[in-house]
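Contents: one structure, followed by commentary.
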Amino acid sequence: MAKTPLQFRHNGRDVAMFVEGGMSLLSALRDEIGDHSPKFGCGQGGCGACTVLIDGEPVLSCITLAETVAGKSIETADGLKTGPELHPLQAAFMDNFAAQCGYCTPGMLMAAKALFDRNPDPSRVEVIDAISGNICRCTGYEAIINAILAASRRGARRA
Amino acid sequence: MLELRKDIFADERDDNLKEIGKPTQRQDMLGHVTATSVYFNDHKLQGMLHLKVLRSPHSHARIRRLDLSEAERSPGVRRIIRGADVPRNLNTLLSLINFGKDDEPALAVDKIRYKGEPIVAVVADSEREAFEAVAKIRVDYEPLPTVFDVEEALKPGAPVINETYPKNTFTYHDIYDHQKIRFGDVERGFAAADHILEQRYQMSPIEHAPTETNGSIAAPDTNGRYVVYTSTQALFFSLDTCAKILDVPSNKLHFIGGTVGGGFGGKVDTVTEPLSILGAMLTGRPVRYMIGREEEMLYCAPRGAERIFIKDGVSRDGRILARQFRCLFDSGAYTRLSSYAAVKCAAHLPGPYTIPNVYAEVYCVFTNRVPATAMRGFGVTAVDFAIECQMDKLAHLVGMDPMEFRLINAYRDGDMKAHRREAKNTALIECVQVAAEKAKWPMRDEFKRMSSLKDVGAPRAATPAPQPARESILVNRPAGQQRTVYDRPAPPPPEPIRPTPQPPLSSPPAAAPSHGAIRFSSVFGGRRR
């Protein structure tokens, strides 16, 4: 099958590869680059475990064709840390016990980061809205919502 | 009494036990928040192949002929695996503890018993090529009559689903077709009762729907061993099951797991590992078998659906005099863990209440549905749902507060349970009292003073002493007894029940059109605000 050359930015670094027609962005990230932080949950855009940011917008990478991200900037949960330092969202998830099995966590973090990048001071309702496309089958939503609020400016003020 | 043997490993133990009541960080949390926790599917091995299975489109059919010729020529195919290639192609999960007969093949051979049962596995270079080859397999099926209802499956002449169990019921202790409890004499209890309440409860199958679907990757290792990365919830259980099915010593298998993307009971059935290991054995390469989302939802084992019939006899002052159960567990086409669930169910009856006359029969029934398995309290959850719905209705029937009704009937330390074991360390009364307080549910002082401890607080309502046997006891039913169908408005009680005034209760829901199964929302029809 013919392959197409593809270049994009991945967590701040330029990457290049050849992709097969029909390859998903999730597959390109996991299988071609080796970034396993986005997870496969359903392959149908239903669960949010594969959420990554394209130019800051949260998208479901399992139903995004890899070829459509040429020249764009992709952020995944693997790029959240700065060196050994945890991102405030990661620290808040730890402090608030906001993960059980951990499988939805990378997607939740990216959905929350997209929210923070456009609104660092979200209300509880806005947080709930931001993660409404992400399923936590362990049903740990309260802890996740509390963690995101704790990481926000509002939370930082309270602390 | 629990005895702690503190002399054992005394030099290795820290007796400074103070973890309870304070948060302690999970050891895997840093991996989770940095997205570096390694799930089975995060392993990418050199030369890894992909396995997909052909699933039956029928719920019950004989396999007349299997044509693999076109699939074998399909691009990228490395190996096609049939039932005949599986060393021991018949197993039951609990055979590891000598419970039950082998009844389920890894790959169906002569017959399929549920829709989605795997028949042939294809190992190919890519998932796409594996799927394409699966689509080229030709099967000639002879459809057979199907049974999807537990009561239909028990009728004489019903189609035999699983030939290992020709009566469509699991066999306990080699001879019994169900679990039973006999305690006291329910017929005498019913005869003495003022009201009889018979109800039918039906649970639904529930899919665990873990976000990470079931799967495993197996790879040849040195010294003839196979390393297996798996999503299983039951690592050693799964390892031993694979050793049995593949007929290899268990020390030939090295299972790596523990990081599970949600399980809830849905990852104990060892459905992928035997085939991925066999694929690795037959190709000499790493083989990955990951269940797709659609397969997970449609064909992986759910919580079993249970049908529960309860008949209770209650006196007008709120004592349950007799309780009769008939519980039918829908195991689906194979046993998996439902036989064990039925035992748990029987052990839990008649709920945490002291009832002098109990009669129960619990069946594990085979149907053409997807096999059921473990899920969060399976065997107990459904029967508790039925019992507590029933308790609310009984309270309503005799015009009592549902909390107080439970306290009157609660078991206490020293009571004799239906299993002829003395009740110890009981706490239902205290739990109900705390729940009532938290819910700001009014409860009268005499009930607030009650205790599960023997001889403390108000006396429990006395249960009647066993009466001498009488002839034709059913004919001599007390004149005032009501044979009540709950779904019709209950008749008013024949006399005042309590000395203290009761807040009004709403009337029971209107009659259901056909049967006695009730909707969950009607359970609290009598709740007072």
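Chains as they are written, first to last, in our numbering: chain A, 117 to 275; chain E, 251 to 779. From the three backbone atoms N, C-alpha and C, an ideal C-beta is built for every residue, glycine too.
Is it true that the CB of K365 of chain E sits closer than 9 Å to the CB of S454 of chain E?
no
Could you check the C-alpha separation between S324 of chain E and H423 of chain E for me, to the nearest Å?
49 Å
Chain A partners of S287 of chain E, CB-CB under 7 Å?
G218
How long is the line joining the alpha carbons of I387 of chain E and T419 of chain E, rounded to whole angstroms?
34 Å
Hey, how far is the Cα of V615 of chain E from the Cα of T120 of chain A?
55 Å
Measuring CA to CA, which of E:A260, E:N501, E:K494 is closest to N339 of chain E?
E:K494
Using CA atoms only, rank isn't needed, just tell me which of E:A484, E:D663, E:A555, E:I658 is closest to T676 of chain E.
E:D663
Determine the extent of the beta strand (DSSP E) in which Q578 of chain E is found, giving its start and end residues.
Strictly speaking, residue 578 of chain E in this sequence is Leu, with Gln absent from that position. 570-582 is the extent of the beta strand (DSSP E) around L578 of chain E.
In the DSSP output, what is K361 of chain E paired with across the bridge?
The bridge partners DSSP lists for K361 of chain E are E:R312.
First and last residue of the beta strand (DSSP E) that includes S466 of chain E?
465-470
So, L219 of chain E versus V389 of chain E, is the Cβ gap smaller than 9 Å?
This structure does not reach residue 219 of chain E, given that chain E is present from 251 up to 779, and the question cannot be answered.
Under 9 Å, do Q123 of chain A and G195 of chain A count as touching if we go by C-beta distance?
no
Local conformation of G199 of chain A per DSSP, three classes
coil
DSSP three-state label for L340 of chain E, please.
coil
Other residues of its chain near N127 of chain A: CB distance less than 7 Å, five sequence neighbours each side excluded
E191, T192, D194, G195
Quick check on the burial criterion: 16 or more other C-beta atoms within 10 angstroms. Buried or exposed for N348 of chain E?
Per the 10 Å Cβ criterion, exposed.
At a cut of 8 Å, does the region 499-512 of chain E reach the region 300-317 of chain E through at least three beta carbon pairs?
no
Near T522 of chain E, what residues of its chain come up, given a Cβ to Cβ distance below 7 Å and the 5 sequence neighbours on each side ignored?
Spatial neighbours of T522 of chain E in its own chain (CB-CB distance under 7 Å, excluding positions within 5 residues in sequence) are listed in chain order as N464, G465, S466, Y539, I541.
Put I170 of chain A into one of helix, strand or coil per three-state DSSP.
strand
Per the DSSP calculation, E687 of chain E is bridged to which residue(s)?
Per DSSP, none; premise fails for E687 of chain E.
Quick one: measure Cβ to Cβ for G256 of chain A and S287 of chain E, integer angstroms, because I've assumed they're closer than 8 Å.
The Cβ separation is near 15 Å, so there is no contact.
Beta-carbon neighbours of I251 of chain A, restricted to chain E and to distances below 7 Å:
T461
Just to confirm the assignment, what range does the alpha helix (DSSP H) spanning H637 of chain E have?
Checking the sequence shown, residue 637 of chain E turns out to be Ile, not His. 631-648 is the extent of the alpha helix (DSSP H) around I637 of chain E.
Tell me F697 of chain E's beta-bridge partners as DSSP assigns them.
Bridge partners of F697 of chain E: none, in fact.
Does N266 of chain E pass the burial test, meaning 16 or more other C-beta atoms within 10 Å, or should it be called exposed?
It counts as exposed.
With 16 other CB atoms within 10 Å as the buried threshold, where does A715 of chain E fall?
Only weak support exists for where A715 of chain E lies, its pLDDT of 38 falling under 50; the value from the coordinates is given anyway. Classification of A715 of chain E: exposed, given that the 10 Å Cβ count is below 16.
Kindly identify the DSSP beta-bridge partner or partners of S189 of chain A.
A:R125
Taking DSSP's pairing of strands, which residues face R305 of chain E in a bridge?
E:P368
Do three or more CB pairs link the region 409-418 of chain E to the region 524-536 of chain E at distances below 8 Å?
no
Inspect the beta-carbon positions of F560 of chain E and E402 of chain E and report whether they are closer than 9 Å.
It should be pointed out that residue 560 of chain E corresponds to Ile in this sequence rather than to Phe. No. Outside cutoff.
Can you have a look at T167 of chain A and say buried or exposed, based on whether 16 or more other CB atoms are within 10 angstroms of its CB?
buried
9 Å Cβ cutoff, D147 of chain A in contact with chain E:
Among the CB atoms of chain E, one or more fall inside 9 Å of the CB of D147 of chain A.
Can you name the residues of chain E whose CB is closer than 7 Å to the CB of S153 of chain A?
A285
Mind checking if Q277 of chain E is an interface residue toward chain A, Cβ cutoff 9 Å exclusive?
no
Residue-level contact to chain E via CB, G157 of chain A, 9 Å cutoff
yes
Per DSSP, the bridge partner or partners of E611 of chain E:
DSSP links E611 of chain E through a beta bridge to E:K430, E:R576.
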